[in-house]
Every structure is written in structure tokens, then in C-alpha cells.
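> Read left to right, the sequence shown gives residues 9 to 327 (the numbering used here). Just so you know, even glycine gets a beta-carbon here, dropped at the ideal spot from N, CA and C. Fair warning: this is a prediction, and the values are worked out from it, not measured in the lab. Please find one structure pasted underneath; my questions will follow.
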Amino acid sequence: MGKGTVVMAYSGGLDTSICIPLLKERYDYDRVVTVAVNVGQGDEEIAVATKKGEKFADVHYTIDARDRFVTEYLFPAIRANGSYEGYPMGTALARPLIAEEVVRVALREKAKTVAHGCTGKGNDQLRFDFIFRIAGLEVIAPIRELNLTREWEIEYAKEHKIPIPVVKEKPWSIDENLWSRSIEGGRLEDPAYHPPEEIFGWTLPLEKAPDKPEMITLEFLKGIPVGMNGEAMSGRDLITKLNIVAGSHGIGRSNMIEDRILGLKARENYEHPAATVILTAHADLEQLTLTRQELAFKRIVDDKWSELAYMGLVHEPLF
């Protein structure tokens, strides 16, 4: 008799896929329940995660949280001009929401243990752990705890006949949601390496962007965008459309050395066309409507909000 049920945040990638058999073989769990949360990472990625979860896990859930992501996380980020070290946060905002949905499933499945596939070097482990531990659940992180290498994971996946979406010639890792697309890993970790154009999926390089600018109008209500070019739109539809429009004009790329929560520095590449336009427009509106003292005070509040959001401390009372 094993330890019962464990519920895991599932992306369909290499790390989380090998965690399914690991949780049974190394941790002695009887049932592994996987949860894929749709925060706008694309229909194909969600379809792959759903198919693999249903095949390899004992029970699988796919949850569409895109509208919740917009209203509960992106709208507050817009009001707070949310950015970290100069770029609009995306992954940081999505992780607590994903963790919360995993907790909901754990309660439904009457599981006392949850798991994630994060390593011990990145930010995501902390963002997941914060939410899971607040809920009073035991947390398992096989990749971190077993200190697994990429090479070992690939061989283990082959042994268990798990499809692996890893190409050695293109070893970078991509995380995508409605607000941003992040690309890291492989040769990109070298600050001197110029990112190849093929890593970008949302934005055109400036030399391929139209020579003639496209004029758009955004309508805001109480600090959030509610319409574009005279058409009332939901937050999700507006962001989705603006990602295409702004991205086609080469807007919204960041290439930086980022300071992670643990104190490590990491080379990061981001795409965030809609976020760039919306946050710029929102900041301009504040400049038009707030006094000098209000603007100065709000910058302090915005910086603190962004710091807490980056760390995943969305349940910190100050947040």
C-alpha cells in the first residue's frame, strides 16, 4: 500500500512528464493526478499537456483560467504599472494562479500532497511553494530534490516511453501566457551570445516591421483597458488582439540579465507587445491626471507591488 494521491502542476514538458513515474517509483504514491492550467500559452501546448496527462497520469484536469488570469492578476498589474527590472512580468503573475488551481484540485481529490517540476535554481519553485504551503499541503519537488540533470531526464523519459519535446540544437525553454513570452536556457545563458531570430514568436524584428506606423486608440475605465479603436472588448480579447498588432510592428522585446529571487543572475529574453503598449498608455494617463505628489507616492507603491508579485507573494497582506 502506497502513500495515496499526489496532485501535480503539469505543463506537458520534460520535467513534469518524468515526474509522473518518479512520484510512483521513488516516492511510492498510488495515484498521480495532473493539472494543466490554461493561462494563454497556446491551444497546441494545452492540447499536448491534456493528451499526455490523460495518457500517463491516473487522473488529469485541464482548467481554463484565462479570464481569471486577466481580471485577478493582469488588471491589478496594469493599475500598478507592474514591471520588474524594466520588463512587464508574465510568468511571475501566472504561477500563483496555477498553484491555486492545483490546490483546488487537491481539495477535491482529498489529497494532502502536491508536487511541481521546478528546479532548485529558478524562481518558480518559490512561487509554487508559497501557495502550496499556505494551503497547508505537503510539497514534493522531484527535479529539485533528486538534483536531476537534463541528460538523465531524457534517458528516463525514453525508458518510460514518454515523448520529449527537447531538441539539442535548440535547447532553450519557452514559457508563454497571455501577457508575455519568456525564452531562456542553452546558449542564451551566455550574455555575449546574440539571440537568434528563431526564438521569437510574437514580434517581428524592426527591419521587417512596416515602415508606416499604425495608429490605435485604447479606452481605459478605472485604470484598466476596456476598448480598442472604438470597440468595447473583454480584457482577454483586447490583449490577444494587441499582441498581434503591436508584435507585427516590432514592439515588446526585452533582452536582459535578470536578478532572480535567490540572488542568482540569469540571461532572459522576453516578448510582451500588448503589455508594453498598455502599460505605456496607462502610465501616460497617470501623468495626465495625477499630481506630482501622487505620482511620486504611486511610484513607491508600484515598485513594492511589483517586487511582491515577482516573488509570488500574492497573499502577503501588503499586496
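For valine 234, does the three-state DSSP call read helix, strand or coil?
Numbered from its first residue, the sequence shown carries residue 234 at position 226. Three-state DSSP puts valine 234 in a strand.
> Enumerated in chain order, which unbroken segments of the alpha helix (DSSP H) with a length of 4 residues or greater are wholly contained in the segment 226–291?
Listed in chain order, the complete alpha helix (DSSP H) runs (minimum 4 residues) inside the segment 226–291 are 243–255.
> So, isoleucine 151 versus aspartate 23, is the Cβ gap smaller than 8 Å?
For the purposes of this step, residue 151 is taken as the residue at position 143 of the sequence shown. For the purposes of this step, residue 23 is taken as the residue at position 15 of the sequence shown. Cβ distance < 8 Å, so isoleucine 151 and aspartate 23 count as in contact.
> Can you name the residues that DSSP bridges to arginine 39?
Stepping through the sequence shown from its first residue, residue 39 is reached at position 31. Paired residues: Thr13.
> Just to confirm, are leucine 156 and valine 122 a CB contact at a threshold of 8 Å?
As a first step, residue 156 is located in the sequence shown; it is residue number 148 there, counting from the start. As a first step, residue 122 is located in the sequence shown; it is residue number 114 there, counting from the start. No, the pair does not count as a contact, with Cβ atoms beyond the cut-off.
> If I measure Cβ to Cβ from alanine 88 and keep anything under 7 Å in the same chain, skipping five residues before and after, which residues do I get?
Here residue 88 corresponds to residue number 80 of the sequence shown, with the count starting at 1. Asp310, Trp313, Ser314.
> Who does glutamate 67 pair with in a DSSP beta bridge?
By one-based count along the sequence shown, residue 67 stands at place 59. The sequence as given places valine at residue 67; glutamate does not occur at that position. DSSP, once it has assigned bridges, lists Val41 as partnering valine 67.
> Just to check my reading of the structure: glutamate 2 and arginine 275 have Cβ atoms closer than 8 Å, yes? What is that Cβ distance to the nearest angstrom?
With the chain represented from 9 up to 327, any question about residue 2 goes unanswered, as that position is not in the structure.
> What residue range does the beta strand (DSSP E) around alanine 123 cover?
Taking the sequence shown and counting its residues from 1, one reaches residue 123 at position 115. First-last of the beta strand (DSSP E) with alanine 123: 121–123.
> Could you check the C-alpha separation between threonine 70 and glycine 48 for me, to the nearest Å?
Along the sequence shown, read from residue 1 onward, the residue named residue 70 stands at position 62. Along the sequence shown, read from residue 1 onward, the residue named residue 48 stands at position 40. Cα to Cα, threonine 70 sits roughly 13 Å from glycine 48.
> Mind checking who serine 19 pairs with in its DSSP beta bridge?
Reading the sequence shown from its first residue, position 11 is the one you call residue 19. In the DSSP output, where bridge partners are listed per residue, serine 19 has none listed.
> Where does serine 188 fall in DSSP's three states?
Against the sequence shown, residue 188 aligns to sequence position 180. The answer is coil: DSSP assigns serine 188 none of H, G, I, E or B.
> Note down the Cα distance separating alanine 149 from threonine 211, rounded to an integer number of angstroms.
For the purposes of this step, residue 149 is taken as residue 141 along the sequence shown, with counting starting at 1. For the purposes of this step, residue 211 is taken as residue 203 along the sequence shown, with counting starting at 1. Distance between the alpha carbons of alanine 149 and threonine 211: 34 Å.
> Rounded to the nearest angstrom, how far is the Cβ of phenylalanine 228 from that of histidine 290, given a contact under 8 Å?
In the sequence shown, residue 228 corresponds to position 220, counting from 1. In the sequence shown, residue 290 corresponds to position 282, counting from 1. Right, their Cβ atoms sit about 7 Å apart.
> So for serine 91, helix, strand or coil by DSSP?
Working through the sequence shown from its first residue, we reach residue 91 at position 83. Of the three classes helix, strand and coil, the one that applies to serine 91 here is coil, per DSSP.
> Are there 16 or more other CB atoms within 10 angstroms of the CB of lysine 118, so buried, or fewer, so exposed?
As a working note, residue 118 is residue 110 in the sequence shown. Classification of lysine 118: exposed, given that the 10 Å Cβ count is below 16.
> Which residue wins for smallest C-alpha separation from tryptophan 180, given the options Gly194, Lys169, Ser188?
Start at 1 with the first residue of the sequence shown, and residue 180 comes out as number 172. Cα-wise, what sits closest to tryptophan 180 is Gly194.
> Is valine 147 helix, strand or coil when you go by DSSP?
Counting from one through the sequence shown, the residue named residue 147 turns up at place 139. Correct three-state label for valine 147: strand.
> Below 7 Å CB to CB, which residues in the same chain sit around valine 110 once its five sequence neighbours on both sides are set aside?
Sequence index remark: in the sequence shown, residue 110 carries index 102 (1-based). The answer, listed in chain order, is Val15, Ala17, Val43, Val122.
> For asparagine 185, which residues in the same chain have their Cβ closer than 6 Å to its Cβ, ignoring the five residues on either side in sequence?
Sequence index remark: in the sequence shown, residue 185 carries index 177 (1-based). Within the same chain, asparagine 185 has close Cβ partners Val47, Gly48, Gln49, Gly98, Ala102.
> Starting from tyrosine 318, trace the alpha helix (DSSP H) both ways and give me its first and last residue.
Walking along the sequence shown from the start, residue 318 turns up at place 310. Here the alpha helix (DSSP H) through tyrosine 318 covers 300–319.
> Mind checking methionine 236: buried by the 16 CB within 10 Å criterion, or exposed?
As a first step, residue 236 is located in the sequence shown; it is residue number 228 there, counting from the start. Its Cβ being crowded by 16 or more others within 10 Å, methionine 236 is buried.
> Give me the Cα-Cα distance between threonine 127 and glycine 12, rounded to the nearest whole angstrom.
Position 119 of the sequence shown, counted from the start, is the residue given in the question as residue 127. Position 4 of the sequence shown, counted from the start, is the residue given in the question as residue 12. If I take the Cα positions, the gap works out to 24 Å.
> Are the CB atoms of arginine 135 and glycine 320 nearer to each other than 8 Å?
On the sequence shown, position 127 is the one that residue 135 refers to. On the sequence shown, position 312 is the one that residue 320 refers to. It is a contact, given that the beta carbons lie within the stated cut-off.
> What are the residues that DSSP puts in a beta bridge with aspartate 137?
What you label residue 137 is simply residue 129 of the sequence shown in a count that begins at 1. None; aspartate 137 has no bridge partner.
> Hey, out of Asn263, Asp219, Leu298, Thr225, whose CA is closest to glycine 201's CA?
Residue mapping note: residue 201 aligns to position 193 of the sequence shown, counting from 1. The sequence given here places tyrosine at residue 201; glycine does not occur at that position. Selected option, being the one with the closest Cα: Asn263.
> For arginine 268 and glycine 20, I'd like the C-alpha separation in whole angstroms.
Here the question's residue 268 lines up with position 260 in the sequence shown. Here the question's residue 20 lines up with position 12 in the sequence shown. Using only the alpha carbons, I get a separation of about 24 Å.
> Any contact of the segment 247–255 with the segment 162–172, i.e. 3+ C-beta pairs under 8 Å?
With the cut-off at 8 Å, the segment 247–255 and the segment 162–172 do not touch.
> For isoleucine 142, which residues of its own chain have a beta-carbon under 7 Å away from its beta-carbon, when the five flanking residues on both sides are left out?
In the sequence shown, the residue the question calls residue 142 occupies position 134. Result list for isoleucine 142: His323, in chain order.
> Isoleucine 8 by DSSP, collapsed to three states: which one?
In the structure displayed, the chain extends from 9 to 327; residue 8 sits before or after that span and is not available.
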